[in-house]
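Protein sequence lines correspond, in order, to chains H and U. Heads up, the first sequence is in numbering that gives the first Met the number 0, so the first residue is 0 and it goes up one at a time. Heads up, the second sequence is in numbering that gives the first Met the number 0, so the first residue is 0 and it goes up one at a time. Glycine included, each C-beta is placed from N, C-alpha and C at the ideal position. If you're wondering where the values come from, they're calculated on a predicted model, not measured in any experiment. To keep things clear, I will list the structure first and then write my remarks on it.
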Amino acid sequence: MGKQNVIEVENLTKSFGDFTAVDSISFEVKQGEIFGFLGANGAGKTTAMKMLIGISKPTSGNASVAGFDVYHHTEDIKKNIGYMSQKFALYDDLTVKENITFFGGIYGLSRPIIKEKTIELIEELNLGDVANQLVGSLPLGWKQKISFSVALLHNPKVIFLDEPTGGVDPITRRQFWEMIYKTANEGTTVFVTTHYMDESEYCDRVSIMVDGKIEALDTPKNLKSQFNVSNMNDVFLKLARG
Amino acid sequence: MGIQVQHISKSFKNVQALSDISFDVKNGELFGLIGPDGAGKTTLFRILTTLLIANEGSATVAAFDVINNYKDIRKNVGYMPSKFSLYQDLTVEENLSFFATIFGTTVEENYELIKDIYIQIEPFKGRRAKDLSGGMKQKLALCCALIHKPKVLFLDEPTTGVDPVSRKEFWEMLKRLQQKGITMLVSTPYMDEAALCDRIALIQDGKILQIDTPQEIVKHYPKTIFNVQADNMYQLIIYLKEFEYQYSVYPFGEFVHYSDHRNGFEINELKAYLETKGLKNVIIQKTAATIEDTFMELAK
Chain H
0 MGKQNVIEVE
10 NLTKSFGDFT
20 AVDSISFEVK
30 QGEIFGFLGA
40 NGAGKTTAMK
50 MLIGISKPTS
60 GNASVAGFDV
70 YHHTEDIKKN
80 IGYMSQKFAL
90 YDDLTVKENI
100 TFFGGIYGLS
110 RPIIKEKTIE
120 LIEELNLGDV
130 ANQLVGSLPL
140 GWKQKISFSV
150 ALLHNPKVIF
160 LDEPTGGVDP
170 ITRRQFWEMI
180 YKTANEGTTV
190 FVTTHYMDES
200 EYCDRVSIMV
210 DGKIEALDTP
220 KNLKSQFNVS
230 NMNDVFLKLA
240 RG
Chain U
0 MGIQVQHISK
10 SFKNVQALSD
20 ISFDVKNGEL
30 FGLIGPDGAG
40 KTTLFRILTT
50 LLIANEGSAT
60 VAAFDVINNY
70 KDIRKNVGYM
80 PSKFSLYQDL
90 TVEENLSFFA
100 TIFGTTVEEN
110 YELIKDIYIQ
120 IEPFKGRRAK
130 DLSGGMKQKL
140 ALCCALIHKP
150 KVLFLDEPTT
160 GVDPVSRKEF
170 WEMLKRLQQK
180 GITMLVSTPY
190 MDEAALCDRI
200 ALIQDGKILQ
210 IDTPQEIVKH
220 YPKTIFNVQA
230 DNMYQLIIYL
240 KEFEYQYSVY
250 PFGEFVHYSD
260 HRNGFEINEL
270 KAYLETKGLK
280 NVIIQKTAAT
290 IEDTFMELAK
């Protein structure tokens, strides 16, 4: 406790014409917290996240990420966050090493640091045998672990994960969550966007968006007892179906 | 028999996609193929829908052989592939009548079968498929797969990428179709959907790990599982893995699922161990094995 807020959002709103995709949402996320950002398809999750990572300007309201304002300091935000999505992760036709070098370069790391980080990452993930193989030839679970580590190369304050473990086998998925816990334990904030309700059970706190608004925000445990159900899926169903 | 699969194997270059797969789906059964991406689910669907030929083994669908009677199979099955495969620039209505025409029938002839589902998307019948939401696309794809009144319906990950509300509605639709006598083979990476099937096969790396009813399959788990909680999840996992008697340690949402090597396991002993490691608010409670626990145990 007493940790500082790494994400602060106040009445954040985004409209497209007369459609309000994100309708005055407010929340804070602390340093080292694993925060689940849930909602149905079309609830406004992606639009909200785009504002937080500095690629979409809000219509109104305020937000800061890693201490930087989403209106004026979007470049600073991008330097201080990591982003990983299931859809886009790594370049399949580059090797593991080439991917690390490439993303290290994108994040503005110097060559010696990239070299050092490459060795570290390959050792930590036990990738010695496949370091020079094309990423496209690796199993999905490995790709996800590499892409997670790559998104952390520049020691961001916050990492945004978009449906990080959808489709992977249950064992790999748990190894992945262990990596997330480790990262959070080291002080990095983890922001998970997902509509897989079982992913949300792993988060410290979750918010649930319905039609552009945050309709619930609490720990999974409290939400389950508040709605008197046994899992987050049922919490979601109760909220979304009204 | 709805579907009969015997010793099917398939490889692509140096990848063994399916190894010696055998199972039966009874007439009118809702059978689930549960496994992660890359398990071989789609390859199996493609073999059963006659789009791909197996290297070894044989299979029948609606009593037709997948090699010798492939044309009969195509007339008698519906296939909803995992990737949305309708015509994006045709409207809802146009897609449906297109598929009806291809199969030599009309929308009116089999309207009764799709009515329940179609009325939900009918308000958007003039909209192009590409402009539909995920849930609506899925309903349209199901209507198109049903329009020729198939005996067997193949659904390859129909609920992947769809939110919980649409998922639930989709499964309710499948249950209603089942009552109309349609045999269904449905694949999913969601372990929680397994409970909605009559029987399931757990599949990973091209091999079937186990086949049974969802109720029975969890009974195969050999140990007692305990939910463990403490104030620091990361340290909790590390210390549990270091505990000398641990049999398995897996994070499971807000808990860690722990099982012990020994039969006479004392909750208090583990609690004391975790407390000496500095963990606080340790809670340990017995819990029931889930399909995921069983899956991980078999896949180990």
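Segment contact, 8 Å Cβ cut-off, at least three pairs: the segment 83-99 of chain U with the segment 121-138 of chain U: yes
Using the beta-carbon of each residue, which ones in chain H are nearer than 7 Å to residue 10/U? Taking a Cβ-Cβ cut-off of 7 Å, residue 10/U has no neighbours in chain H, whose nearest Cβ is about 16 Å from it.
If you measure beta-carbon to beta-carbon, which residues of the segment 234-258 of chain U are closer than 7 Å to chain H? For the segment 234-258 of chain U, the beta-carbon criterion of a distance under 7 Å to any beta-carbon of chain H is satisfied by 236, 249, 250, 252, 253.
Under 6 Å Cβ to Cβ from residue 254/U, same chain only, skipping five residues before and after it: list those, please. 226, 228
For residue 122/H, name the three-state secondary structure that DSSP assigns. helix
In this structure, does DSSP put residue 152/U in helix, strand or coil? In the three-state reduction of the DSSP assignment, residue 152/U falls in the strand class, which pools E and B.
Collapsed DSSP secondary structure at residue 28/U in the structure displayed: Residue 28/U: coil per DSSP, three-state reduction.
Residue 328/U to residue 207/H span [Cα, whole Å]: The question about residue 328/U has no answer, for chain U in this structure spans 0 to 299.
Based on DSSP bridge pairs, tell me the residues matched to residue 107/H. In the DSSP output, where bridge partners are listed per residue, residue 107/H has none listed.
Can you check the segment 64-137 of chain U for any alpha helix (DSSP H) of at least 4 residues that lies completely inside it and give the ranges in chain order? 69-75, 91-101, 110-120
Should residue 235/H be labelled buried (16 or more other beta-carbon atoms within 10 Å of its own) or exposed? Answer is buried; the Cβ neighbour count reaches 16.
Please list, in chain order, all residues of the same chain as residue 138/U whose beta carbon is under 7 Å from its beta carbon, the five residues on each side excluded. 116, 119, 120
Which residue comes first and which comes last in the alpha helix (DSSP H) that contains residue 60/U? Segment 55-60 is the beta strand (DSSP E) holding residue 60/U; no alpha helix (DSSP H) there.
Could you tell me whether any Cβ in chain U is nearer than 8 Å to the Cβ of residue 41/H? Yes, residue 41/H lies at the interface with chain U (some Cβ there is under 8 Å from its Cβ).
To the nearest whole angstrom, what separates the beta carbons of residue 192/H and residue 161/H, a pair I think is in contact under 8 Å? 5 Å
Pick out whichever of 149/H, 140/H, 168/H has its Cα sitting closest to the Cα of residue 118/H. 149/H
Three CB pairs or more closer than 8 Å across the segment 23-37 of chain U and the segment 189-198 of chain U: yes
Roughly how many whole angstroms lie between the Cα atoms of residue 45/U and residue 244/U? 45 Å
Any idea what DSSP makes of residue 161/U, helix, strand or coil? coil
Contact set between residue 212/H and chain U, taken where Cβ atoms lie within less than 9 Å: Here the premise fails: no neighbours, minimum Cβ distance about 16 Å.
Output, in sequence order along the chain, the residues in the segment 30-53 of chain U whose CB is closer than 9 Å to any CB in chain H. When C-beta distances to chain H are compared with 9 Å, the residues of the segment 30-53 of chain U below that value are 34, 35, 36, 37, 38, in chain order.
Can you list the residues of chain H that residue 163/U reaches, using a CB-CB cut of under 8 Å? 39, 194, 196, 232, 235, 236, 239
Can a CB atom of chain U be found closer than 8 Å to the CB of residue 220/H? yes
Proximity below 8 Å, CB of residue 220/H to CB of residue 230/H: no
Can the beta-carbon of residue 27/U be found closer than 8 Å to that of residue 177/U? At the C-beta level, residue 27/U and residue 177/U come within 8 Å of one another.
Note down the Cα distance separating residue 82/H from residue 159/H, rounded to an integer number of angstroms. 5 Å
According to DSSP, is residue 42/U part of a helix, a strand, or is it coil? helix
Quick one: does residue 134/U have its CB under 8 Å from some CB of chain H? yes
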